[in-house]
Amino acid sequence: MINIALVGFGLSGRYLQAPYITANANYHLKTIVTSNALAKELYPEAQIVSSIEDVLADSSIDLVSIASPNATHYEYAKKALLANKHVLVEKPLASTSQEAEELILLAKKQNKVLSVFQNRRFDSDFLTVQKILKAKLLGDIVSYEVRYDRYKPVLNPKKWKETPSPGSGIIYDLGPHILDQALVLFGVPQKVWGQTYTQREGSLIDDAFDIYLSYDNMTVKLSSSLLVREESPRYRINGTKGSFVKYGIDHQEDHLKAGIMPQMAGFGVEPIENQGAIYSNIGDVIIKGKVETEVGNWGLLFQNLYEAIAEGKDLFIKPELVLEQIKIIEAVKQL
């Protein structure tokens, strides 16, 4: 069993990570770093501490999961690695590629596992997209478009989310999710270009972006905005044999916030009305209809992380690929 300390108890720590940690028999949630009294109520067996230093001094803790504000990720991850802990970091891994490279090298030097909480790798919709592309149902892909939008015209009350700094803005918040998916599917692009925008009244950070990735005979477009009230297709994929269009996003976050836990029936199952539409042909057969959505499961990330630490298996979320994400974000920010 791996003793884990969770640093932070906001959206990621409370809703997106703790339920999966406690659902996996290979983990023991030993410590939570937070000032939120609710943590003790929800996880009475966990020790509640106020500082990451308490975690670093505890030799019984094997893995530190960092779910604190973006600006702390590099500092906390470095401290945890130096304290001989395995580390899981909420995205972004770091604010700069230089910091990310340093953490990767340090993890290798310390012989510790370093991974990133790229949970959207295991979304219901992306698992479905992977299955369609692996089966070559669309032929050779010529264009791949993904949107990750929200409607939040009012500035976030969490000051750190609205303060200009390395690692701030929507491109560091939502960008890593859809960049990770694109790099998993297509690898590192040959060319990168794009733009960030500041659109909300009073905003000091970027709150929208367009990123273009160029490959042989194919273009990827990744977009996001905090001012999209009417839903657009999340995925629009075109190939030499057909197209796939899908609305809606994975429901795991909504389920967790509603108190529906990973062990419960129906968890991670998407409403039938959100099924994607496919129009393609295989040989002389025309295919037009809906594609059943895979069941989302962020727990796969934690199971793989356990296997990497305890059994030496390969990580699904390799920090080297995450480094490429950060390099792309930096390139777009500099344009």
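The numbering used here puts the first residue of the sequence shown at 1135, with every later residue one more than the last.
Idealized CB from N, CA, C, for every residue including glycine.
Secondary structure note for residue 1378: it is in no alpha helix (DSSP H), and the uninterrupted beta strand (DSSP E) holding it is 1377-1380. If you check the CB distance, residue 1177 and residue 1152 come in under 9 Å. Restricting attention to alpha helix (DSSP H) runs no shorter than 4 residues, the region 1284-1331 encloses them at 1293-1296, 1304-1307, 1309-1320, ordered along the chain. Between residue 1336 and residue 1272, the C-beta gap is not smaller than 9 Å, which leaves the two residues out of contact. If you ignore the 5 residues before and after residue 1363, its C-beta comes within less than 7 Å of the C-beta of 1285, all in its own chain and listed in chain order. When DSSP states are grouped into helix, strand and coil, residue 1362 belongs to the coil group.
Under DSSP, the beta-bridge partners assigned to residue 1137 are 1162.
For residue 1451, the CB contacts under 6 Å within the same chain, skipping 5 residues up- and downstream, are 1249, 1250, 1252 in chain order. Fewer than three beta-carbon pairs drawn from the region 1320-1336 and the region 1220-1236 are found closer than 8 Å, and the two stretches are therefore not classed as touching. Counting along the chain, residue 1224 sits inside the beta strand (DSSP E) bounded by residues 1220-1224. By the Cβ-count criterion, residue 1388 is exposed, with fewer than 16 other Cβ atoms from all chains shown falling within 10 Å of its own Cβ. In the DSSP assignment, residue 1341 falls outside any beta strand (DSSP E), carrying neither H nor E. Residue pairing by DSSP puts residue 1251 in a beta bridge opposite 1224.
Beta-bridge partners assigned by DSSP to residue 1279: 1355, 1370. Between the region 1368-1387 and the region 1397-1411, the count of Cβ pairs shorter than 8 Å is three or higher; the stretches touch.
When Cβ pairs closer than 8 Å are counted between the two stretches, the region 1253-1263 is seen to touch the region 1431-1448, the count reaching three or more. For residue 1422, the enclosing beta strand (DSSP E) covers residues 1419-1425. The criterion of a C-beta distance shorter than 9 Å is satisfied by residue 1373 and residue 1276. Of the residues 1161, 1291, 1440, 1270, the one whose Cα lies closest to the Cα of residue 1417 is 1270.
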